[in-house]
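**Q**
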Amino acid sequence: MENPDEADAPESETTATPEPKRKKRRWRRIAAWTLGLVIGIPVVAFGLAYVLLDVRSPQEVLADLDKTVVLQNADGSELLKVVPPGGDRLFVPYDAVPAKLRDAIVATEDPTFWDNEGFDLTGLGRALVTGVGGGSGITQQYIKKSTGNEDATLTRKFSELVLATKITQQQTKKEIFESYVNIISFGRGTYGPASAMNAYFGRKLDDSMTWSEAAFLAGMIQSPSVHDPYASSHEHAMKRWSYVVNKLVARGYVSQAEAVAMTYPEDAIQAPSETRAGRVTYEQYHIKQQVLAELEQVGYPLDRLRGGAMKVETTIDPRAQAEAEKTVKERLKGQPEHFRASLVAVEPGTGAIRAYNGGGWSVHDYAGTPYGTGATFQPFILAAGLERGVDVDEPLKAPASVDFLGESFEFQEQCGEAGKCTLREAMGRGAQGPFVDLAKKLGAEAVREGARAAGIPESVDGAVTLREKDGFLIGPGIAVGRYPLRPSDMAGAYATFAADGMRTTPHLVSKVRDENGEVVWERPSDKAPAFQGDEELSRRIAGTVSQVLATGLKDRPAALKTGEFRFNETDDNAAGWAVGYTPQLATAVWVGSDEPRRMRDAAGEKLTGRTLPSDMWQGFMNGVHRGQPARWPDGSGPRPATTAPR
Numbered sequence: 000m001e002n003p004d005e006a007d008a009p010e011s012e013t014t015a016t017p018e019p020k021r022k023k024r025r026w027r028r029i030a031a032w033t034l035g036l037v038i039g040i041p042v043v044a045f046g047l048a049y050v051l052l053d054v055r056s057p058q059e060v061l062a063d064l065d066k067t068v069v070l071q072n073a074d075g076s077e078l079l080k081v082v083p084p085g086g087d088r089l090f091v092p093y094d095a096v097p098a099k100l101r102d103a104i105v106a107t108e109d110p111t112f113w114d115n116e117g118f119d120l121t122g123l124g125r126a127l128v129t130g131v132g133g134g135s136g137i138t139q140q141y142i143k144k145s146t147g148n149e150d151a152t153l154t155r156k157f158s159e160l161v162l163a164t165k166i167t168q169q170q171t172k173k174e175i176f177e178s179y180v181n182i183i184s185f186g187r188g189t190y191g192p193a194s195a196m197n198a199y200f201g202r203k204l205d206d207s208m209t210w211s212e213a214a215f216l217a218g219m220i221q222s223p224s225v226h227d228p229y230a231s232s233h234e235h236a237m238k239r240w241s242y243v244v245n246k247l248v249a250r251g252y253v254s255q256a257e258a259v260a261m262t263y264p265e266d267a268i269q270a271p272s273e274t275r276a277g278r279v280t281y282e283q284y285h286i287k288q289q290v291l292a293e294l295e296q297v298g299y300p301l302d303r304l305r306g307g308a309m310k311v312e313t314t315i316d317p318r319a320q321a322e323a324e325k326t327v328k329e330r331l332k333g334q335p336e337h338f339r340a341s342l343v344a345v346e347p348g349t350g351a352i353r354a355y356n357g358g359g360w361s362v363h364d365y366a367g368t369p370y371g372t373g374a375t376f377q378p379f380i381l382a383a384g385l386e387r388g389v390d391v392d393e394p395l396k397a398p399a400s401v402d403f404l405g406e407s408f409e410f411q412e413q414c415g416e417a418g419k420c421t422l423r424e425a426m427g428r429g430a431q432g433p434f435v436d437l438a439k440k441l442g443a444e445a446v447r448e449g450a451r452a453a454g455i456p457e458s459v460d461g462a463v464t465l466r467e468k469d470g471f472l473i474g475p476g477i478a479v480g481r482y483p484l485r486p487s488d489m490a491g492a493y494a495t496f497a498a499d500g501m502r503t504t505p506h507l508v509s510k511v512r513d514e515n516g517e518v519v520w521e522r523p524s525d526k527a528p529a530f531q532g533d534e535e536l537s538r539r540i541a542g543t544v545s546q547v548l549a550t551g552l553k554d555r556p557a558a559l560k561t562g563e564f565r566f567n568e569t570d571d572n573a574a575g576w577a578v579g580y581t582p583q584l585a586t587a588v589w590v591g592s593d594e595p596r597r598m599r600d601a602a603g604e605k606l607t608g609r610t611l612p613s614d615m616w617q618g619f620m621n622g623v624h625r626g627q628p629a630r631w632p633d634g635s636g637p638r639p640a641t642t643a644p645r
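When we follow numbering that gives the first Met the number 0, the leftmost residue of the sequence shown carries the number 0, and every step to the right adds one.
(1) Classify Asn-245 as helix, strand or coil using the three-state DSSP reduction.
(2) Going by the beta-carbon positions, is the gap between His-233 and Glu-257 smaller than 7 angstroms?
(3) For the structure I just gave you, are there three or more beta carbon pairs, one from the stretch 621 to 629 and one from the stretch 593 to 610, closer than 8 angstroms?
(4) State the start and end residues of the unbroken alpha helix (DSSP H) segment that holds Thr-543.
(5) In whole angstroms, what separates the C-alpha of Val-511 from that of Pro-271?
(6) Identify whether Trp-576 lies in helix, strand or coil by the three-state DSSP scheme.
(7) Please classify Phe-471 as buried or exposed, where buried requires at least 16 neighbouring CB atoms within 10 angstroms.
(8) Inspect the beta-carbon positions of Ala-249 and Gln-288 and report whether they are closer than 7 angstroms.
(9) Taking the alpha carbon of His-363 as the point to measure from, which residue in Asp-533, Asp-74 and Asp-227 has its own alpha carbon closest?
(10) What separation, rounded to the nearest whole angstrom, lies between the Cα atoms of Pro-639 and Leu-559?
(11) Which of the three DSSP states, helix, strand or coil, is assigned to Ser-458?
(12) If you draw a straight line from the alpha carbon of Ala-430 to that of Gly-201, how long is it in whole angstroms?
(13) CA-CA distance, Gly-579 and Pro-433?
(14) Going by other Cβ atoms of all chains shown within 10 Å of its Cβ, with 16 needed for buried, is Lys-332 buried or exposed?
(15) Based on Cα-Cα distance, which residue from Arg-318, Gln-377, Ile-286 and Pro-317 lies nearest to Ala-366?
(16) Taking 7 angstroms as the CB-CB limit, is Asn-515 close to chain C?
(17) Hey, out of Gly-306, Val-623 and Glu-535, whose CA is closest to Lys-143's CA?
(18) If we ignore side chains and look at the alpha-carbon of each, how far apart do Ile-380 and Lys-238 end up?
(19) How about the stretch 404 to 414 and the stretch 345 to 364: do they share at least three Cβ pairs that are nearer than 8 angstroms?
(20) Rounded to whole angstroms, what is the Cα-Cα separation between Ser-254 and Lys-99?
(21) Going by DSSP, what residues sit across from Cys-420 in a beta bridge?
(22) Looking only at its own chain, which residues have a Cβ that is under 7 angstroms from the Cβ of Thr-543, when we skip the five neighbours before and after it?
(23) I'd like to know whether the C-beta atoms of Gly-418 and Ala-397 end up nearer to each other than 7 angstroms.
(24) Roughly how many whole angstroms lie between the Cα atoms of Leu-507 and Gly-480?
(25) Quick check: what's the CA-CA separation for Leu-78 versus Asp-570?
(26) Tell me, which residues are paired with Thr-550 by DSSP?
(27) May I have the straight-line CA-CA distance separating Ser-613 from Trp-576, to the nearest angstrom?
(28) Can you say whether Lys-526 is buried or exposed, counting buried as having 16 or more other CB atoms within 10 angstroms of its CB?
(29) Which of the three DSSP states, helix, strand or coil, is assigned to Val-128?
(30) Along the chain, where does the alpha helix (DSSP H) that runs through Tyr-286 open and close?
(31) Taking the straight line between their C-alpha atoms, what separation do you get for Val-401 and Leu-437?
(32) Going by the CB atoms, is the gap between Val-311 and Arg-548 shorter than 7 angstroms?
(33) Classify Glu-604 as helix, strand or coil using the three-state DSSP reduction.
(34) Of all the options Thr-171, Ala-321 and Phe-496, which has the alpha carbon lying nearest to the alpha carbon of Gln-546?
(35) Using CA atoms only, rank isn't needed, just tell me which of Gln-617, Val-623, His-624 and Arg-625 is closest to Arg-330.
(36) DSSP state of Ala-48, grouped into three classes?
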């Protein structure tokens, strides 16, 4: 008999749609929609951007560059104005740009320019992955300059891609190059090749341009405030020039034989004219150049500043700056005409440069030029030793000679009749032997690490510091301060000791504001423990160094080290240093000349760190601290010394 319930029973499971198949179809629909959105949204966005976005003409861009940039002191008062000079934006048609310069620019800035679609796929891919950066060829650089948007963001890169595609379809490569070369800055307030040729070589732009001159000008484009030899040095500018020459060879524009025959055009390069006869003093000019170079490194070149009529808030304290200029001038009055000096003062704990005096003699910046440091390097050797457990109060036999890395150093007896002294006593007596011996025990690399930890930069203007010219080996000169460092480097590193071992990077710019007063860039703090990232260890090392360097100002404790740089193998000196600090300020003073020579003062006495440099340091520090409290955080600093600093 048939089961009556079976008539109403559901269909067999074999006839129903399986659940897995329904899920599969659902996921396929989701995947299809997702793919459509992933492809469709960018395509729609690209299309809209293509219609809405546009690139301004070079004439419009140049018109916007006529705005003045104001540099302010730390208190908001005006330091100086960067006023666009007339006649430095001469528009040059493509055919009037010498072929050598065109080739040098393309070889250096965008070797695939004539064939690419306006953008660098590798750079764009990198930007998509990282969210920032990305390479920029000539077309992209023109877009950045014309839009005024140089922020390293995905949004900017997307807009750049759209506009690069659009401009490549609408204009010929010659037209794009013509627009680009007329709005880029070559430095010294110039835009376009005609004004650049006149500013650097004092000549009209024509086909008489040499390959050497073309390579020099093409090298300026990447970072003109840095590569100008009068902002850095001819040595630095020559490295950039050589880089461009190598690119010309690699891209087939010149042969290897032609490159070998080329020489860096040092004698033909003119000094900048914007000095006393122009708008600023030499002291102001040096600050301006350092500020512009600093801003260029963080994405704010001069043309961007001008395009936005921006205000730059520097770290300069006008009172300290005036004291620095007055002190240098007063102390050099009556001295031989060849005497030169510089002074840099850095605020411990922030890295803010409160006074920067590169000298009032010429466009050459003595505060930004590296010099041998002599015995003022010893605190870094001491710091490296303290980091490794050296006791500054352990009596040591002063060596008569030390063989270190293939060089033999001989010393006169400077540790008294017993022939023994501690490192603390050796520092006070100006004894070199114990510190060369300590450097030998620690090893050259450890000594360099100690200086780097304190704040000496890894490189200056592209040249590695505290190493031989090959950038790799460290020679025996590191034990006696033979490697050149800038006064600004020394002031910044000594500021680490003044700040209880907290290291910061010396800087001249704190903020950038747009024409509406809104902050568009602000320097982030990089304050950190100097030694091994350990705050307690760093405080201990800095405190000991400060005690060892103890000296006295008129009404307060301070720390000071003086030193000299010997003239060749003579008993005379080519330069003298005085570097020291209070809790409020670390200051480096250098006294020397344009070329190494025997330095004798007006009285015929040999220049040492204890004479004129120390006198300048004392004069400036006493003046700038007038009215400020005499203090040292938690009593860790030095007490006033009764003996003269050495």
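By construction, the Cβ of each residue, glycine as well, lies at the ideal position given by its N, Cα and C atoms.
**A** According to the structure shown:
(1) helix
(2) no
(3) no
(4) 534 to 547
(5) The alpha-carbon atoms of Val-511 and Pro-271 are separated by roughly 25 angstroms.
(6) For Trp-576, the three-state secondary structure derived from DSSP is strand.
(7) exposed
(8) no
(9) Answer by Cα proximity: Asp-227.
(10) Residue placement at Pro-639 is flagged as unreliable, the pLDDT there being 42, under the threshold of 50; a coordinate-derived value is accordingly withheld.
(11) strand
(12) In a straight line, the C-alpha of Ala-430 is about 52 angstroms away from that of Gly-201.
(13) 21 angstroms
(14) exposed
(15) The candidate whose alpha carbon is nearest that of Ala-366 is Ile-286.
(16) Judged by its chain identifiers, the structure shown contains no chain C, having just a single protein chain.
(17) Gly-306
(18) 31 angstroms
(19) No contact exists between the stretch 404 to 414 and the stretch 345 to 364.
(20) 13 angstroms
(21) Leu-395
(22) If the five residues before and after Thr-543 are omitted, its C-beta is found closer than 7 angstroms to the C-beta atoms of Leu-385 and Val-391, all from its own chain and listed in chain order.
(23) yes
(24) 26 angstroms
(25) 43 angstroms
(26) Ala-557
(27) 7 angstroms
(28) exposed
(29) Because Val-128 carries a pLDDT of 49, less than 50, the predicted location of this residue cannot be relied on, and the following value inherits that uncertainty. If DSSP states are grouped into helix, strand and coil, Val-128 belongs with the helices.
(30) Per the sequence shown, the amino acid found at residue 286 is Ile instead of Tyr. Unbroken alpha helix (DSSP H) run through Ile-286: 281 to 296.
(31) Straight across, the Cα-Cα distance linking Val-401 with Leu-437 is about 10 angstroms.
(32) Here residue 548 turns out to be Leu, not Arg, going by the sequence shown. No, Cβ-Cβ distance for Leu-548 and Val-311 is not below 7 angstroms.
(33) coil
(34) Phe-496
(35) Gln-617
(36) Caution applies to Ala-48, whose pLDDT of 44 falls short of 50 and renders its modelled position unreliable; the model cannot decide the point.
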